[in-house]
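Take a look at the structure set out below.
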Amino acid sequence: MDERTMSPNINKWIKKCIRKEFDNVIMDNLEENQDSSEIAHRIIHSKEMQVLMNSMKMAIIEHNSDLKSDNIATMESHPRSSASFVSDLTVEEWNSPKNIEDQYNYIIDKISSDKPVHVRLAGYEILLKSDLTNVTTISQWDILQNTLKDGLMGENRAIFEVSLQVYARLLSCPKAYDAYTNVLSAFNAQYHTQKVHEVLPSLISGINFKFFLHEKIIRIMYLIIHYQEELLKSIRNIDKSTEEIIEQFIIFLSIHMFGNSMQIKTLSTLNIVAALDPQADWSKRWTHSFATRKTFISILSKSPSLVQYAIQCIEKGLKKSPIYTSISICDEPIEACISGETIEIITYLHCLNFISQLCSYEAGRKLLSEISLDIPFSITKFLITLINTLNELSSSEITNGIYNIMCQALQNVLNRPIISYDTDFYDAALYSLNNSSENDLRIWPHILYVIMHMLDTVDGSELLINSQESKPNCTAMIIIQHISNVLKQPFSIMNTEYICNLSKVITKLFNIFNVYEIVQDVMQNQFYPAVSYFYSKLDKYFIENGNKAQYLDNIIKKMILKIVSIPFGLQDLTRESLVFHELIRGSIAPLRNSWTSTEVVSFISSAGYFKLGREVLEDLAPHILSTLLIETCKTLEDPHCFYDPWENSIVDKFLHIIALFSLNFKCFTAFITSANEFGNNDENEIPYNLTELMQCSIKFDSIYHYLGLLSLNTTIWNLDIYIYLIEKLNFQNELLNLQNYCLFDFQADEEAREEYIIDESSLLRHKILSNSYYIKHKYPNKVSLNEYEDTNNTFEPEEYELFSTLPPPNIATEIALFYEIKSDSELEDILCENKPGLLDTSWILQIRNAYINSRTSIKNTVLITLLDQMWQAIPTAEWADHFEWPENFVYNADFFFSEELHGIDLVLQYAELNGLLQDSKTKKETFKQFLQASSIFIKYQKPNKFEGFDWFLSTVFCICEGDMDKCKIFIKKLICFPCILFIWPILGKTLDKSNNEECSTQLIFAQYLESIIQSEIPNVAYALKNTCGIDWWMLCTTILTQSFWGILSWQEIKHFFAISILYSPDYIIYYCASLIYHCRTTFIQDITKGKMWPEYMVLHDYRCHDYIIFMDKLAKRYGNKILPIMTARKLYSSDENNTVK
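For the sequence shown, the tail end lands on 1148 under this note's numbering, and the numbers increase by one without skipping.
The structure is reproduced here in structure tokens:
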């Protein structure tokens, strides 16, 4: 406001106030020689100035309101003029306790009902702009409440509006209990009015805002409900006032019929509350937390009439389904009309939600069971009736609003997954679904809620996946059929929310691992083709409906990711190349910024088993890890990690991701791009792909050298990756050269000697070289040589002796670790007896018992004899006659890849360390001939590039001690055993190729192994998947492919072969299950400490004899299911042109 337009008195008064307030402050600052403009600036922006301005504004507002009054001169309490009154008040006087009392006296006088409307409105305006925090402490509080209550009760709409605003302010204050009580009193006073001209809302007339009384009642009730909502937001502990608020409201609602005696069917308070809150959210808020729920239900038990009335209302409503509702609302002018029939329906819906909320808690269910009723309340009967009503509504033309609110009531009850309900309820819920034709399938939302609840309970899950005599297909199969039909719909009519809920059901359904085998036929013939059809039209639809298409795409991919975590689900998906391709690309693209989803990493790793998957990964390889590598390498720039940049969570996450990739050799090599095209010559430039990072491991001057070493150490436990990188990087020689650079001359005691510079990099290089030479990547750091019970030798290397040439200087000590104690055993004695007679089942049992009692190391000769005699005792596998050993084949020196030559050298080195060959150097050519002859024997055509070394044949060669004739006989006999398909990977590939399949043999093993792990040790399976991002079958596939080399001791590897020969082929699965069962406690301890698997996996102390009883139990439990499937594999064609490529 311009100073020139202000009244002189007002101007004088303002200056007087400012001088009085800040005179001392100004003088003190001026005495300190401070600049006057700075003094003024501080005062203007000070808190004291803000308080002063608010006080002056209030005084001016009063002044203006008094000018508008028709009779200023007759004011009894203030005979002076407004101007003189304002001019005489100072800030201290205005804010003094005495003047606060005067202020409220003034306001009460202004808003009293005997004043004109405009005067009252001005008083209300002053009150609204006042600080009401401590208003309850003033002496006039009771008078003010009565005055405000009169405003609510009056006939003037403007006064009523502003009174509501004041009450809203009062109810937001800390001590609002009195105000709340006053509002309840005002509502009751309105409802008990005896005015003839006012018509209360009733079930006949309904609610109509044309009657001002109706509008007042509704708006006051809204204020009451809103206060409770706001109260619960800040409540922490239940005090006495809170209990009184709950009790007051319950009693308030319990009054069912009251009002004007001249009217009939007057609405109760419950009807009014229901009109405002059909879903009973007010009670849901009170039951949400334990503290408020306990108090709420306790009060309900003391005043049970509300619950009794609600149950009666529900029983009446469920007998007669709601037909329609009629509500008319207009904003300008404000009008609302709700018919009486609609209020009855809304009250029924309100009571339905209220009772359903009580049903969802144990205390509420107890209350309902103890309520005195003519017919005791039964939750199961209540749910069955509710389900039947929803079934009826879903097929009628009833408005969605009624159906949705009833669905919410059902959800309230089903929100507690730990509760299993009677099977009659589940049968009623699924009746319409199970009896629908395939062309008329539809799953309504309320059925989805029931299914989601069933999937959270054991009994419910069994009902969904088990077939019954009355229905040929189980419910799970019908659900898959339905979503298949939905995905074939035109995009324009697809309901995204419904598809989202359906996908959640499917995702939760496949948490039951064994369900896939039950629905596999539907998945192959309907679901995956439907998904393929969906993606075939997605691109066209994406142009016009980008957001919806993207949302649906994300939903479908998330659902399929869950399905393909099951081996058979992954196998069936590969038949739909479009979907498989989309899932790989869609999973990787969002993760260029973050690889936090281990579920996706696991899928990408397993996708590498298939040709199409490898092609997609090779296409994306140059940049697929670039963002993750940049994020990891930036740790060098983090000042908080300067002391040890590689020991942090970001690096650990990266190493874990590439460890998961290393489970699948083909997936890992797909990420290794051409070094010439993507090479990085700058040691300080960030590596953008896996190739460049691996190159850093052999570059001494690279600042990422240590990260490269960590990555190398994490992946080369997979021996196929080890020999692959030996060929690509020659890392062993390069690391030896780097160690040699660390040598320096050291003079001590007049003696010169060479010492190594020891740092983290040199120690890590030493670890890589040592583990690679002895093939002990997965051995514990301190290896116990207590291989068997009768051995007391232990070896605990605590000091490192670095080296830069091979063999290592401590080779004699390390060889002691491989020392094999040879002794006679019960098994050897029985096999050597060679008694005449039939080698029947009883003989096999005798041999097995002898083996169980022979816990010492098994000799090579004993293993060969065991194979020979078991070969005579078992029936020959069907495919054995298709193979013939090539007696006069021509050895081809070019038969082997470079990587395989490194593998041969590694095998001979391992055999020499274990003392398995007399003269390993002379056996090299024999080994090559054996490898080539065996490939010809099974008609296996090598691929165009290296895809893995044959560690199975390497094991056979060592067992036969390099004797070509023994090797030939061993293979010719072992191929008659059904187990051969699952322990000799390339034979499994040959059979798959003959059946026009890809990875089928491997995935059969994976499916049933994982099924057993999920059933027997579900906590370990869950932790593996959700913490480490892997399934046990993926780990076992890797270690079984390399015949446990580097994982188990040589003695245990031979015992594995003995078990494969002695027992049925399903024992291979039980053996692998016993591995994780053996280390389950260690695994849980590791992940608790943040140690991920496979990085920290150690199985070296496993002894199969400790778990033969465990395997026998698994055989009794699962053998009837698994064994027929594993023995049913057949070779349909053995022509050379049908061999694996």
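Even glycine gets a Cβ: it sits at the ideal position worked out from N, Cα and C.
Range of the contiguous alpha helix (DSSP H) that encloses residue 1100: No alpha helix (DSSP H) holds residue 1100; DSSP gives it neither H nor E.
Contact the region 979-994 vs the region 1071-1089: 3+ CB pairs below 8 Å: Judged by Cβ distances under 8 Å, the region 979-994 makes contact with the region 1071-1089, as three or more pairs qualify.
Inter-residue spacing [alpha-carbon to alpha-carbon] between residue 995 and residue 433: Between the alpha carbons of residue 995 and residue 433 lies a distance of about 45 Å.
Residue of 354, 1091, 208 minimising C-alpha distance to residue 319: Answer by Cα proximity: 354.
Cβ contact check for the region 855-867 and the region 883-902: 3 or more pairs under 8 Å: Result no; under three Cβ-Cβ pairs closer than 8 Å.
Contact check, residue 1034 vs residue 993, beta carbons under 8 Å: Contact flag unset, no.
Rounded Cβ spacing between residue 279 and residue 362 (contact assumed at less than 8 Å): Not confirmed; about 19 Å, so no contact.
Which listed residue (347, 732, 747) has its alpha carbon closest to that of residue 907: Among 347, 732, 747, the Cα nearest to that of residue 907 is on 732.
Buried versus exposed, by CB contacts within 10 Å (16 or more), residue 750: With fewer than 16 Cβ atoms within 10 Å of its Cβ, residue 750 is classed as exposed.
Simplified DSSP assignment, three categories, for residue 345: In the three-state DSSP reduction, residue 345 falls in the strand class (E or B).
Pick from 1000, 527, 457, 159 that is closest to residue 512, judged by C-alpha positions: Nearest C-alpha to residue 512: 457.
Residue 862 versus residue 708: straight-line alpha-carbon distance, rounded: Taking the straight line from one Cα to the other gives about 52 Å.
Buried versus exposed call for residue 34 [16 or more other C-beta atoms within 10 Å across all chains shown]: A residue is called buried once 16 or more other Cβ atoms fall within 10 Å of its Cβ, and residue 34, having fewer, is exposed.
Extent of the continuous alpha helix (DSSP H) to which residue 434 belongs: Boundaries of the alpha helix (DSSP H) around residue 434: 430-441.
Per DSSP, cross-strand counterpart(s) of residue 751: DSSP, once it has assigned bridges, lists 762 as partnering residue 751.
Buried or exposed by the 16-neighbour rule on C-beta atoms within 10 Å, applied to residue 189: Buried.
Residue closest to residue 727, alpha-carbon to alpha-carbon, out of 671, 746, 778, 194: Looking at the Cα atoms, 671 is the closest of the given residues.
Cut-off 6 Å between Cβ atoms - residues of its own chain near residue 1130, not counting five sequence neighbours on either side: The beta carbon of residue 1130 lies closer than 6 Å to those of 1071, 1073 in the same chain, with the five residues before and after it left out.
Sub-8 Å separation of residue 977 and residue 967 beta-carbons: It is a contact, given that the beta carbons lie within the stated cut-off.
Close Cβ partners of residue 75 (< 8 Å) along its chain, the five nearest in sequence each way excluded: Model confidence at residue 75 stands at a pLDDT of 47, short of 50, so the residue's coordinates are unreliable; what they give is reported in the following sentence. Excluding its 5 nearest sequence neighbours in each direction, residue 75 has C-beta neighbours in its own chain below 8 Å: 125, 126, 129, listed in chain order.
Residue 97 versus residue 137 - alpha carbon distance: Because residue 97 sits at a pLDDT of 41, beneath the cut-off of 50, its placement in the model cannot be relied upon, and the following sentence gives the value as read from the coordinates. The alpha-carbon of residue 97 is positioned some 18 Å away from that of residue 137.
Every unbroken alpha helix (DSSP H) inside the region 520-599 [4 residues or more]: Qualifying alpha helix (DSSP H) stretches, in chain order: 522-529, 535-549, 553-570, 574-580, 584-595.
Extent of the continuous alpha helix (DSSP H) to which residue 855 belongs: Counting along the chain, the alpha helix (DSSP H) containing residue 855 begins and ends at 848-859.
Contact test: residue 669 Cβ vs the ligand HEM heavy atom, cutoff 7 Å: In the structure shown, the ligand HEM is absent, as is every other ligand, since no ligand is present at all.
Length of the line joining the Cα atoms of residue 1066 and residue 883: When rounded, the distance between both Cα atoms is 18 Å.
Same chain, Cβ closer than 7 Å to residue 1018, neighbours up to 5 away in sequence not counted: Once the five neighbours on either side are set aside, the close Cβ partners of residue 1018 are 520, 521.
DSSP bridge partner residues for residue 273 (one or two, in chain order): DSSP output for residue 273 lists 209 as bridge partner(s).
Minimum Cβ-Cβ distance from residue 370 to chain D less than 8 Å: Absent from the structure: chain D. Only one protein chain is present.
Candidates 31, 234, 860, 371, of which the one nearest residue 1114 by Cα: Nearest to residue 1114 by alpha-carbon distance, out of 31, 234, 860, 371, is 860.
Which of helix, strand or coil DSSP assigns to residue 214: Of the three classes helix, strand and coil, the one that applies to residue 214 here is strand, per DSSP.
Residue nearest to residue 198 in terms of C-alpha spacing, selected from 274, 1118, 720: When the alpha-carbon of residue 198 is set against those of 274, 1118, 720, the nearest one is in 274.
Proximity below 8 Å, CB of residue 667 to CB of residue 572: Their beta carbons are not under 8 Å apart, which means residue 667 does not touch residue 572 by this criterion.
Distance, residue 569 Cα to residue 1150 Cα: With the chain covering 8 to 1148 only, the question about residue 1150 has no answer from this structure.
Runs of beta strand (DSSP E) lying entirely within the region 134-184, each at least 3 residues, in chain order: Taken in chain order, no unbroken stretch of beta strand (DSSP E) lies wholly in the region 134-184 with a span of 3 residues or more.
Distance between residue 526 and residue 1043 (C-alpha atoms, nearest Å): Between residue 1043 and residue 526, the C-alpha separation is close to 26 Å.
Own chain, CB closer than 7 Å to residue 78, minus 5 neighbours either side, in chain order: Bear in mind that a pLDDT of 36 at residue 78, under 50, signals an unreliable position, so the number given afterwards is only what the model happens to contain. The answer is none, since no qualifying residue turns up.
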